[in-house]
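Asker: This structure is in structure tokens; I'll ask about it shortly.
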């Protein structure tokens with residue numbers, strides 16, 4: 232979520248009407264999964280965290296960065312699905328100068344940064360999202376009713392406006408979605424999918440606003456279902472994910488019981504909002520096989536791949552320049568073309584992520600420093616504290632997945648090992664770093680480990696269970712939870728992201744419409 236410091240922030244938004252039948256714009260609250268777990272507040276920790284952050288940045292391509300050994304078996308699409316999911320659920324807001332000391336609550340770049348009391352964090356930092364997976368960053372709910380309506384096609388308000396991507400003035404529901412060309416293109420795909428759904432609706436939806444609202448409902452249910460049945464299985468530990476799903480996210484449900492009365496929306500855990508949301512960025516490649524112009528790096532008959540700095544607007548080639556995205560290269564399983572893979576989940580980040588712009592001065596240029604400093608500033612529990620608290624929570628259940636904590640030796644291994652040992656982080660480990668290290672050690676970076684999966688899956692599945700408007704509670708004329716087969720678009724049931732891209736008209740039909748990316752292990756459950 233800290234890839235860009237641009238967002239749709241400003242003053243806290245007023246409760247203006249949301250287009251369709253989703254009710255008013257609603258802000259939710261943040262709180263801690265584990266409010267009583269100790270954090271690491273040692274003196275001089277900021278310089279130690281800076282040392283660790285610098286050690287997490289890979290060398291440039293050609294000097295050891297983006298080597299084939301860093302490739303995952305996951306398609307690059309998933310790193311951007313993860314970023315959009317973060318923007319869908321989390322938009323931190325503060326109003327004015329709530330601390331009264333001239334230092335913003337989310338200032339992460341001060342040399343004298345001190346941790347905030349947890350009561351202060353939950354009081355002054357609010358979430359400019361409802362906490363539901365309603366694609367609010369795509370439909371522009373935080374823009375108010377007029378701003379959201381401006382995103383719709385003026386000639387047919389049932390449809391979304393598909394302004395050509397190279398037009399830098401084209402409106403977006405959340406400015407953070409313009410932080411990279413691929414993320415901006417992903418939003419465009421979802422808008423095209425909305426239009427396909429709206430066009431395929433029966434004639435009984437004659438009023439444009441009613442047709443738009445029904446299309447959005449179906450798009451959101453499909454998005455939610457694909458997150459649970461396609462995205463999570465692709466990046467999570469399967470045993471842990473299956474347990475969270477079958478147990479109906481007991482950790483989040485306990486969290487929701489404690490916090491549901493604090494705001495109108497669905498509360499979002501701090502550990503998710505400021506640690507788990509930073510996990511997809513480790514999958515960002517230094518260069519992408521994007522199209523015939525920006526072909527596979529290293530191929531004799533291809534040009535250099537599209538560099539990450541180009542896609543992030545950090546070079547002469549900006550994110551709004553006309554670069555066509557051949558999604559077939561980014562959405563298919565990468566086995567046949569390893570250079571079309573996402574990077575592994577590990578404690579190394581592409582070199583470009585160490586040199587991001589920070590226009591307002593509150594964010595360091597190093598993405599790892601943004602994540603680590605956020606954990607310190609917001610008094611995030613240490614990974615060891617979270618593991619102890621989760622073990623106690625799990626003891627109340629008859630069954631639970633094993634946590635298998637990393638040893639001190641494992642945490643202190645690898646390229647950053649000497650830094651971890653020197654600063655005493657091996658037994659007081661920043662949560663975000665631990666989740667990456669767990670994936671790296673336990674699963675070779677192919678997917679998240681047990682703790683990472685628990686925090687991600689508990690939050691996402693728990694939010695969907697708590698939301699009466701989610702697909703989980705969609706009315707059905709059959710037994711079981713709603714699936715996209717019950718609302719096909721035309722003749723096609725969208726049961727994978729590949730199917731969604733086909734319906735949106737951006738990839739061909741040579742990829743199977745279902746099961747082409749993951750096994751859909753929870754289909755129909």
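Numbering (the working numbering), first residue to last: 232 to 756.
By construction, the Cβ of each residue, glycine as well, lies at the ideal position given by its N, Cα and C atoms.
All values derive from a computational prediction rather than experimental measurement.
#1: Hey, out of 568, 653, 420, whose CA is closest to residue 729's CA?
#2: Bridge partners of residue 262, per DSSP?
#3: Classify residue 289: buried if its beta carbon has 16 or more other beta carbons within 10 angstroms, exposed otherwise.
#4: How long is the line joining the alpha carbons of residue 754 and residue 338, rounded to whole angstroms?
#5: Is the CB-CB distance between residue 496 and residue 259 below 9 Å?
#6: For the alpha helix (DSSP H) containing residue 692, list its first residue and its last residue.
#7: Which class does residue 518 belong to by DSSP, given the choice of helix, strand or coil?
#8: Runs of 4 residues minimum, wholly inside the segment 404-443: which ones carry the alpha helix (DSSP H) assignment?
#9: Note the first and the last residue of the continuous alpha helix (DSSP H) segment covering residue 512.
#10: Exposed or buried, residue 467, counting other C-beta atoms within 10 Å across all chains shown (16 or more means buried)?
#11: Determine the burial state of residue 252: buried for a count of at least 16 other Cβ atoms within 10 Å of its Cβ, exposed for fewer.
#12: Quickly, what does DSSP pair residue 323 with across the bridge? List them, please.
#13: Counting only the same chain and skipping the five closest in sequence on each side, list residues whose C-beta sits under 8 Å from that of residue 557.
#14: Are there three or more Cβ pairs, one per stretch, closer than 8 Å when the segment 365-374 is compared with the segment 313-322?
#15: Out of 426, 639, 722, 501, state which residue places its alpha-carbon closest to the alpha-carbon of residue 384.
#16: In terms of residue numbering, what span does the alpha helix (DSSP H) encompassing residue 376 cover?
#17: Can you tell me where the alpha helix (DSSP H) with residue 562 in it begins and where it stops?
#18: Can you list, in chain order, the residues of its chain with a C-beta nearer than 6 Å to that of residue 307? Leave out the 5 residues immediately preceding and following it.
#19: Do the segment 666-683 and the segment 507-518 touch if we need at least three Cβ pairs shorter than 8 Å?
#20: Taking the runs of the alpha helix (DSSP H) that are 4 residues or longer, which of them lie wholly in the segment 627-662?
#21: From this set, 422, 424, 423, 445, which residue's C-alpha is nearest residue 433's C-alpha?
#22: What is the rounded straight-line gap between the Cα of residue 395 and the Cα of residue 386?
#23: Go through its chain and collect everything with a Cβ distance to residue 254's Cβ below 6 Å, but skip five positions before and after it.
#24: Following the continuous alpha helix (DSSP H) through residue 541, name the residue where it begins and the one where it ends.
#25: Could you tell me which residues DSSP pairs with residue 270 in its beta bridges?
#26: Are at least three pairs of beta-carbons, each pair with one atom in the segment 447-463 and one in the segment 599-618, less than 8 Å apart?
#27: Quick one: Cα of residue 381 to Cα of residue 499, how far?
Answerer: The answer reads as follows:
#1: 420
#2: Looking at the DSSP assignment, residue 262 forms a beta bridge with 500.
#3: buried
#4: In this predicted model, residue 754 has a pLDDT of only 33, less than 50, meaning its place in the structure is not dependable; the value taken from the coordinates is given anyway. One C-alpha to the other measures close to 42 Å.
#5: yes
#6: 681-697
#7: strand
#8: 412-431
#9: That residue, residue 512, is in no alpha helix (DSSP H); it is neither H nor E in DSSP.
#10: buried
#11: Its pLDDT being 32, under 50, residue 252 is placed unreliably by the model, and the measurement read from it follows with that caveat. With fewer than 16 Cβ atoms within 10 Å of its Cβ, residue 252 is classed as exposed.
#12: 358
#13: 521, 522, 523
#14: yes
#15: 426
#16: Here the alpha helix (DSSP H) through residue 376 covers 375-380.
#17: 559-562
#18: 561, 573
#19: yes
#20: Listed in chain order, the complete alpha helix (DSSP H) runs (minimum 4 residues) inside the segment 627-662 are 639-642, 648-653.
#21: 445
#22: For residue 395, the predicted model reports a pLDDT of 48, less than 50, meaning its position is unreliable; a value from the coordinates is still stated below. Rounded to the nearest angstrom, the two C-alpha atoms are 16 Å apart.
#23: Bear in mind that the predicted position of residue 254 carries a pLDDT of just 38, short of 50, making it too unreliable to give a figure here.
#24: 539-542
#25: 612
#26: Judged by Cβ distances under 8 Å, the segment 447-463 makes no contact with the segment 599-618, as fewer than three pairs qualify.
#27: 29 Å
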